[in-house]
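Enquirer: Position 163 of the sequence shown, counted from 1, bears residue number 162 in numbering that gives the first Met the number 0, the numbering being contiguous throughout.
The structure's right below; bear with me while I get my questions together.
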Amino acid sequence: MRALKLGDFLVTVPALKATRRAWPHHEIMFATSGWLGPLVELTGCVDTVLPTHGMAPLDRRAHHPDVAINLHGTGPHSNTVLDALHPGRRIGHSGHGWPGPVWIDDLHERVRWCRLLTEHGIPADPGDLHLPPPTRASQAPGAIVVHPGAAFGSKRWPVDRFATVARALRAAGHRVVITGTASERDLAATLAAPVDRLAGRTDLLGLAALVAEARLVISGDTGIAHLAYAFGTPSVTLFGPVPARHWGPPPGPHRTLSADELRRGDPFAPDPDPALLQVQPADVLAAAAELVCAPAEVVAESGRREATVPDDKHDELAESKQALAEAKEAARAANLTRPHEQAEQEGAPTEHPPHQEDDDHFSPS
Numbered sequence: 000m001r002a003l004k005l006g007d008f009l010v011t012v013p014a015l016k017a018t019r020r021a022w023p024h025h026e027i028m029f030a031t032s033g034w035l036g037p038l039v040e041l042t043g044c045v046d047t048v049l050p051t052h053g054m055a056p057l058d059r060r061a062h063h064p065d066v067a068i069n070l071h072g073t074g075p076h077s078n079t080v081l082d083a084l085h086p087g088r089r090i091g092h093s094g095h096g097w098p099g100p101v102w103i104d105d106l107h108e109r110v111r112w113c114r115l116l117t118e119h120g121i122p123a124d125p126g127d128l129h130l131p132p133p134t135r136a137s138q139a140p141g142a143i144v145v146h147p148g149a150a151f152g153s154k155r156w157p158v159d160r161f162a163t164v165a166r167a168l169r170a171a172g173h174r175v176v177i178t179g180t181a182s183e184r185d186l187a188a189t190l191a192a193p194v195d196r197l198a199g200r201t202d203l204l205g206l207a208a209l210v211a212e213a214r215l216v217i218s219g220d221t222g223i224a225h226l227a228y229a230f231g232t233p234s235v236t237l238f239g240p241v242p243a244r245h246w247g248p249p250p251g252p253h254r255t256l257s258a259d260e261l262r263r264g265d266p267f268a269p270d271p272d273p274a275l276l277q278v279q280p281a282d283v284l285a286a287a288a289e290l291v292c293a294p295a296e297v298v299a300e301s302g303r304r305e306a307t308v309p310d311d312k313h314d315e316l317a318e319s320k321q322a323l324a325e326a327k328e329a330a331r332a333a334n335l336t337r338p339h340e341q342a343e344q345e346g347a348p349t350e351h352p353p354h355q356e357d358d359d360h361f362s363p364s
């Protein structure tokens, strides 16, 4: 069970793959938010999605399972929901009547759930996070995807800075697409740059296809960033209230930006975290410039399809990188940036607080 949001689901993909390997002939039911169903199917690990509504009792089809696995938190609510199924075996963290390893706060989320399974005798690899791209075609293949929204203000980088980045990318010759939920259409509309606005106009698989075939994804620490990690799409992720070492990308063509020393650490605050506000447009453009011409072997390490760059595109990519570098310098000259020392950790980034005390108080993704 993992009854949370997009990013929360994606960090459990390695654990789901390990579960399928451990029980190749069992029916695996996954209790999660129903709207995630199309993406859950891409894992190839789940036979049945059980739509959940918070901590409400689960569908009777799930009663009396051989095994119940708590990938949601440490209870008490999720434990109670799963105990009501009368499972033959329970896999979870220790506490509230369940056996298992103790909860450790300072872990990357992918490591957390793989450690849980491994401690229960089920080998799991946190690096086994990649998904195959959806069969649906992208609405904007090769575009740079900019996603300005986030569930809480603490994770929202100022929209005028996103607009500065989008304008610079357009000036460098890139197609720029703005994404978001239906409720974020107004936010997308405030970006003055001449870009394609798809906020509220894509379903989940459409968004997945867009990310899978994007040249680059630029966003805050939210669900679309985890899609980029899952598809091996180059990404620039801006971290605020939570550190990248807990929720960030795996090694590969990804950059994280934050000022860790300024972190306030309240993920539910209505205003941007100071660690996020310290990041400037020129920082994002510099990271983007590094990634749009990433060597083929770096992209290949990410597990992404079509890692090689055609011979006839090398000059185009070099020109693009130069244009981005010039845009970055223009931003500096216009006093759009304050250079700062940032802590960038590629191997273990971070984001939401642990789901420990109360499952109802999970962090948004």
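Note that CB positions come from ideal geometry on N, CA and C, so glycine has one too.
Less than 7 Å between the beta carbons of V176 and R169, yes or no?
Expert: The answer is no: Cβ separation not under 7 Å.
Enquirer: In whole angstroms, what separates the C-alpha of N78 from that of M54?
Expert: Taking the straight line from one Cα to the other gives about 10 Å.
Enquirer: Could you compute how far the alpha carbon of V101 sits from the alpha carbon of T73?
Expert: Each residue's alpha carbon lies about 9 Å from the other.
Enquirer: Cβ atoms of D270 and R263: under 7 Å apart, would you say?
Expert: No, Cβ-Cβ distance for R263 and D270 is not below 7 Å.
Enquirer: How far does the alpha helix (DSSP H) with P273 in it reach, from first residue to last?
Expert: From DSSP, the alpha helix (DSSP H) with P273 extends over 273–276.
Enquirer: Taking the beta carbon of R88 as the centre, do at least 16 other beta carbons fall within 10 Å, making it buried, or is it exposed?
Expert: Looking at its Cβ environment, which holds fewer than 16 other Cβ atoms inside 10 Å, R88 is exposed.
Enquirer: In terms of residues, what are the limits of the alpha helix (DSSP H) holding H368?
Expert: Lying before the first or after the last residue shown, residue 368 is absent from the chain, which here runs from 0 to 364.
Enquirer: Please name the residue, chosen from H129, L84, L70, V48, that lies closest to G251 on a Cα-to-Cα basis.
Expert: Selected option, being the one with the closest Cα: H129.
Enquirer: Quickly, what does DSSP pair A17 with across the bridge? List them, please.
Expert: According to DSSP, A17 bridges with nothing at all.
Enquirer: Using the Cβ count rule (16 or more neighbours within 10 Å means buried), how would you classify D104?
Expert: Exposed, by the Cβ-count rule.
Enquirer: I'd like to know if the stretch 149–168 and the stretch 273–292 are in contact, where contact means that at least 3 CB-CB pairs between them fall below 8 Å.
Expert: Touching, per the Cβ criterion.
Enquirer: Considering just the uninterrupted stretch of the alpha helix (DSSP H) at A287, what are its terminal residues?
Expert: Taken as a continuous stretch (DSSP letters only), the alpha helix (DSSP H) holding A287 covers 280–291.
Enquirer: How would you label G148, buried or exposed, when you count the other beta carbons within 10 angstroms and need 16 or more for buried?
Expert: Looking at its Cβ environment, which holds 16 or more other Cβ atoms inside 10 Å, G148 is buried.
Enquirer: H253 to T236, Cα distance in whole Å?
Expert: Cα to Cα, H253 sits roughly 8 Å from T236.
Enquirer: Between P240 and L106, what straight-line distance do the alpha-carbon atoms span, to the nearest angstrom?
Expert: When rounded, the distance between both Cα atoms is 16 Å.
Enquirer: Would you check if the distance between the CB atom of A2 and the CB atom of T31 is smaller than 7 Å?
Expert: Taking 7 Å as the Cβ cut-off, A2 and T31 qualify as a contacting pair.
Enquirer: Checking 7 Å against the spacing of the C-beta atoms, do A274 and A288 come in under that value?
Expert: Contact flag unset, no.
Enquirer: Comparing C-alpha positions only, which one of G120, L209, F267 sits nearest to A227?
Expert: Per the Cα distances, L209.
Enquirer: Using the Cα positions of P266 and A150, report the straight-line distance between them to the nearest angstrom.
Expert: Whole-angstrom Cα-Cα distance: 10 Å.
Enquirer: What residue range does the alpha helix (DSSP H) around F230 cover?
Expert: That run of the alpha helix (DSSP H) goes 222–230.
Enquirer: Helix or strand or just coil, what does DSSP make of G33?
Expert: Looking at G33 - three-state DSSP - the assignment turns out to be helix.
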